[in-house]
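S.K.: Going by this note's numbering, the first residue of the sequence shown is number 44, and it counts up by one from there.
Encoded as structure tokens, here's the structure I'll be asking about.
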Amino acid sequence: MSVLKRTTILADPDLLDRLDRHARRARTTKTAVIAAALEAYLEAHGAPPDLPFIGIGRSAHGRLSLDARRIAGRELGARRRAGETG
């Protein structure tokens, strides 16, 4: 279990009322709803992660750059599809 840190947010009272009603209906906490919303927002708006397995240089194995491009394209496509459905 990770350690949680406390923070303060400022929000419109109507938004906070809607959050409270949603959390009660879903039988969860406001903290869980806010955390899920932040995760979804950051996933949708965050920079794509670095691809550390791709390097620049020469190799005796000529397929490496082609394989790396294919893998990177597949990973990028999966992230795009997940973003469109999420």
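Beta carbons: idealized from backbone N, C-alpha and C, even for Gly.
Since we're looking at a predicted model, the values are computed, not measured.
#1: Closer than 7 Å by C-beta to R61: which residues in its own chain qualify, once you throw out the five before and the five after it? Chain order, please.
#2: Could you tell me the distance, in whole angstroms, from the CA atom of K73 to the CA atom of G116?
#3: Express the C-alpha separation of R112 and R50 in angstroms, rounding to a whole number.
#4: Given a cut-off of 9 Å, decide if A75 and A87 are closer than it, judged by their beta-carbon atoms.
#5: So for V46, helix, strand or coil by DSSP?
#6: If we count the other Cβ atoms within 10 Å of its Cβ and call it buried at 16 or more, is T128 buried or exposed?
#7: On the DSSP letters alone, give me the boundaries of the alpha helix (DSSP H) that T74 sits inside.
#8: State the start and end residues of the unbroken alpha helix (DSSP H) segment that holds D60.
#9: How many Å lie between L81 and G120 at the Cα?
M.R.: Taking the geometry as given:
#1: none
#2: 38 Å
#3: Going by the sequence as given, residue 50 is Thr instead of Arg. Going by the C-alpha atoms only, they are around 41 Å apart.
#4: no
#5: coil
#6: In this predicted model, T128 has a pLDDT of only 49, less than 50, meaning its place in the structure is not dependable; the value taken from the coordinates is given anyway. By the neighbour-count rule (16 or more Cβ atoms within 10 Å), T128 is not buried but exposed.
#7: 73–88
#8: 56–69
#9: 23 Å
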